[in-house]
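Novice: I'd like to ask you about the structure that follows.
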Amino acid sequence: MRQSPHTLAAELKEMLCTYLETAYRISHPAVVQERANLLRMPEVVSQIPFIETTPRFSTGAWLRHLGLPWIPRELPELARFGLPTNRFPLWTPQEEALRAAWAEDGSPRDRIVASGTGSGKTECFYLPILADILREALHWSAPNSAGSPGEWHSRGRVWLHSRRYETRPAALRAIVLYPMNALVNDQLRRLRRTLASDEALAWQREHLQGNLIYFARYTSQTEVPGRPHQDWRRRQWNKYQDK
C-alpha cells in the first residue's frame, strides 16, 4: 500500500497507542476501553501532521558503479537486502563519505558527516563498516561443521557454544554508539534486514563459505555474564525491614 502523510501519521499514532497499552497494563476491561478511546482522541498523543517541503539532495553514482578498490563488488548484493542502494543512486553525501573512508593505501580515515536531515547519514557510516567487514569475510575459512540445532539434547544437556565450529579469527569488528535508544531502533531494523533476513542469511552462507556476520544490541539493561551480585538486594531488604 502506498504511504501518504495522512496514513503514515495514523500508523505512527496507532503504534504509540499500542505501545502505551502494552507497557501499562490495566486489568479492568471498562477502564481499558476508556483509556483506548481517550488515547485515540484528536491531539491527545499526537498533533496534526506538519508537512515541510525541502529541496531534494543531489544524487551521486550508483553503489555498484563506484569502482573504489576498497569496496568489494559483493557489497551492493548484500546491502540490497536492507538498504535502498540497489533501487536508488547514492546521495552525494553518501558517495563522498565512501570516497573519504579510506586513504590511497587502504588504511581507514576518520571523518565527520554533517549533512542535513534525510540525506542518508545512516548509509554514510554503515556502508564503510559493511565494506570493511565483507572484504575480510570473503577470505574467512569455512567452519569445520555446520552443527545442528538442538544437538545439546543428545549430549546430556551440556551447553555448547553455537559458534564452536567457526575457524575464522574471533573479534569484534565495529562498535556503533548512540546517545539514546530511540535513535537506534529504525537503523537496527534496517541492519536486521541487511544481515539477518532469510535472504541475507542464505546469501552469506553461499558467498562467505558458510560463515555469517553477527551483530548485537547492548543497552544499560543488557545482562552481563556470570551470576548477579546479591549483596545489594540483601541491603535493600534489610533496609526495608528496619522501617
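Numbering-wise, the sequence shown is residues 1 to 243 according to the UniProt record's numbering.
Even for Gly, the Cβ is constructed at its ideal location relative to N, Cα and C.
#1: How many angstroms separate the CA atom of residue 38 from the CA atom of residue 8?
#2: How big is the Cα-Cα spacing for residue 223 and residue 210?
#3: Between residue 241 and chain C, is the shortest Cβ-Cβ distance under 7 angstroms, so that the two count as touching?
#4: Within 10 angstroms of its Cβ, does residue 132 collect 16 or more other Cβ (buried), or is it exposed?
#5: Pull up the DSSP beta-bridge partners for residue 59, would you.
#6: Rounded to whole angstroms, what's the CA-CA distance from residue 122 to residue 93? Just pull it up for me.
#7: Determine whether the beta carbon atoms of residue 190 and residue 60 lie at a separation below 7 angstroms.
#8: Taking DSSP as the reference, what is the three-state secondary structure of residue 203?
#9: Using alpha carbons as the reference points, say which of 173, 237 and 117 lies closest to residue 56.
#10: Return the chain-ordered list of same chain residues with a C-beta closer than 7 angstroms to the C-beta of residue 100, the five sequence neighbours on each side being excluded.
#11: Out of 238, 235, 208 and 143, point me to the one whose CA is closest to residue 74's CA.
#12: Compare the C-alpha of residue 172 against each of 184, 129, 237 and 36 and name the closest.
#13: Could you check which residue in 95, 54 and 53 has the C-alpha nearest to that of residue 244?
#14: Got a sec? Which residues, its chain only, sit under 7 angstroms from residue 40 by beta carbon, not counting five neighbours each side?
#15: One question on the structure: do residue 70 and residue 106 come within less than 7 angstroms of each other, judged by their Cβ atoms?
#16: Got a sec, what are the start and stop residues for the alpha helix (DSSP H) residue 181 sits in?
#17: Helix, strand or coil: how does DSSP classify residue 108 here?
#18: Cβ atoms of residue 135 and residue 72: under 7 angstroms apart, would you say?
#19: So, helix, strand or coil for residue 237, using DSSP?
#20: So the candidates are 205, 175 and 188; which of them puts its Cα closest to the Cα of residue 257?
#21: How would you call residue 120, buried or exposed, if buried means at least 16 neighbouring beta carbons within 10 angstroms?
Specialist: In terms of the structure at hand:
#1: To locate residue 38, count along the sequence shown from 1; it is residue 38. To locate residue 8, count along the sequence shown from 1; it is residue 8. Residue 38 and residue 8 have their C-alpha atoms spaced approximately 20 angstroms apart.
#2: Stepping through the sequence shown from its first residue, residue 223 is reached at position 223. Stepping through the sequence shown from its first residue, residue 210 is reached at position 210. Answer to the nearest angstrom: the Cα atoms are 29 angstroms apart.
#3: Judged by its chain identifiers, the structure shown contains no chain C, having just a single protein chain.
#4: For this step, residue 132 is matched to residue 132 along the sequence shown. Around the beta carbon of residue 132, 16 or more other beta carbons sit within 10 angstroms, so the residue counts as buried.
#5: The count along the sequence shown starts at 1 and reaches residue 59 at position 59. Bridge partners of residue 59: 91.
#6: The residue you call residue 122 lines up with position 122 of the sequence shown. The residue you call residue 93 lines up with position 93 of the sequence shown. For residue 122 and residue 93, the distance between alpha carbons rounds to 11 angstroms.
#7: Counting from 1 along the sequence shown, the entry for residue 190 is found at position 190. Counting from 1 along the sequence shown, the entry for residue 60 is found at position 60. One thing to note: residue 190 has its Cβ no nearer than 7 angstroms to the Cβ of residue 60.
#8: Taking the first residue of the sequence shown as position 1, residue 203 is located at position 203. In the structure shown, residue 203 sits in a helix (DSSP, three-state: H, G or I).
#9: Taking the first residue of the sequence shown as position 1, residue 56 is located at position 56. The shortest C-alpha separation from residue 56 is found at 117.
#10: As a position in the sequence shown, residue 100 is number 100, starting the count at 1. Here the set comprises 109 and 111.
#11: Indexing the sequence shown from 1 puts residue 74 at position 74. Nearest C-alpha to residue 74: 208.
#12: As a position in the sequence shown, residue 172 is number 172, starting the count at 1. Nearest C-alpha to residue 172 among 184, 129, 237 and 36: 129.
#13: An answer regarding residue 244 cannot be provided, because it is not within the stretch 1 to 243 covered by the chain.
#14: Along the sequence shown, read from residue 1 onward, the residue named residue 40 stands at position 40. Within its own chain, the residues whose Cβ lies closer than 7 angstroms to the Cβ of residue 40, once the five positions on either side in sequence are excluded, are 17, listed in chain order.
#15: Along the sequence shown, one-based indexing puts residue 70 at 70. Along the sequence shown, one-based indexing puts residue 106 at 106. Less than 7 angstroms separates the beta-carbon of residue 70 from that of residue 106.
#16: The residue given as residue 181 occupies position 181 in the sequence shown. Run containing residue 181: 181-196, per the alpha helix (DSSP H) assignment.
#17: Your numbering for residue 108 matches position 108 in the sequence shown. Note: residue 108 maps to strand in three-state DSSP.
#18: Working through the sequence shown from its first residue, we reach residue 72 at position 72. Working through the sequence shown from its first residue, we reach residue 135 at position 135. Contact flag set, yes.
#19: Taking the sequence shown and counting its residues from 1, the one referred to as residue 237 is at position 237. In the three-state reduction of the DSSP assignment, residue 237 falls in the helix class.
#20: As displayed, the chain neither begins before 1 nor continues past 243, which places residue 257 out of reach and without an answer.
#21: Against the sequence shown, residue 120 aligns to sequence position 120. By the C-beta density criterion, residue 120 is buried, having at least 16 other C-beta atoms within 10 angstroms.
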